[in-house]
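Structure, as C-alpha cells:
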Amino acid sequence: MVPTDFKALIQRFYQLQSERVETYQLFDEGHEAYLRTGPHYDFDHYRQLVHEITLAFNGISKEVLDIKEKLHNEFDRPALSEHMDKLQSRERQKLEMTAKLQLARQRAQDHPEDEDCQEHIQEIKQEIIKNKEALSEIMQDFKYDSEECD
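Position one of the sequence shown corresponds to residue 861 (my numbering), numbered consecutively onward.
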C-alpha cells in the first residue's frame, strides 16, 4: 500500500507543476489583454485576474508544501523534500520576475521613445530563462531521486 501512496503523491506533485504552467499561461494572456486596453487601462479587470492568479498559486504552493512534508516525514525522503524547497524558492523568484516583466512591458508601451525600456525587458527575459533552466534541473533531479527506489 505504501508504494502506491508514494507514487500517488509524486503524480500529484507533477500535476501541480502542470497547473503552475497553465496558471502562468493564463497570467500572461491576461496581461496581454490588459495591455491592449491601453492607454486607458482596464485596471479593475486586471486586478481581479491578479487576485485569481494569486489564489491559484497560493493553493498550488500550499499543496506542494503538504506533499513536501509527507515525503520528508512519512516516506523519509529528505532529498525529495529538499528539491521541493529549491523548487518553491525558484518558483517564487519566477513569479516576482514575471511581475517585473509585466511592469516593464507596460512602461515600454507607455513610453515607446524610451529605448532603455526594451533593454530592461530583454534583461528580465534572460533572468526568466535562467530561472526556467534552474527549475528544469531541479525537476530532473527530483524525477531521478523519486524513481531511485522504484
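Even glycine gets a Cβ: it sits at the ideal position worked out from N, Cα and C. Note that the coordinates shown come from a computational prediction; the quantities given were computed from them, not determined experimentally.
Whole-angstrom C-beta distance between residue j and residue i, which should lie under 8 Å
i     : j    : result
S1006 : I920 : S1006 to I920, Cβ: 18 Å. No contact.
Top-ranked residue by Cα proximity to residue i, from the options
i    : options                    : result
D902 : M944, Q966 and I913        : Q966
E912 : R937, I988 and H891        : H891
D888 : L995, A959, Y1004 and D974 : A959
A868 : L995, D974, Q908 and F935  : F935
Q885 : D904, V910 and R937        : V910
R880 : Y1004, K992 and H971       : K992
L961 : S941, I927, K930 and Q982  : Q982
Sequence-distant residues of the same chain with beta carbon closer than 7 Å to residue i, five excluded per side
i    : result
F917 : T883 and L955
L876 : I920, E923 and V924
Q969 : L895 and G898
K946 : I998
Residue i and residue j closer than 7 Å at C-beta
i    : j    : result
E987 : M944 : no
A964 : I989 : no
Cβ neighbours of residue i in the same chain (closer than 6 Å, five flanking residues each side left out)
i     : result
F1002 : H943
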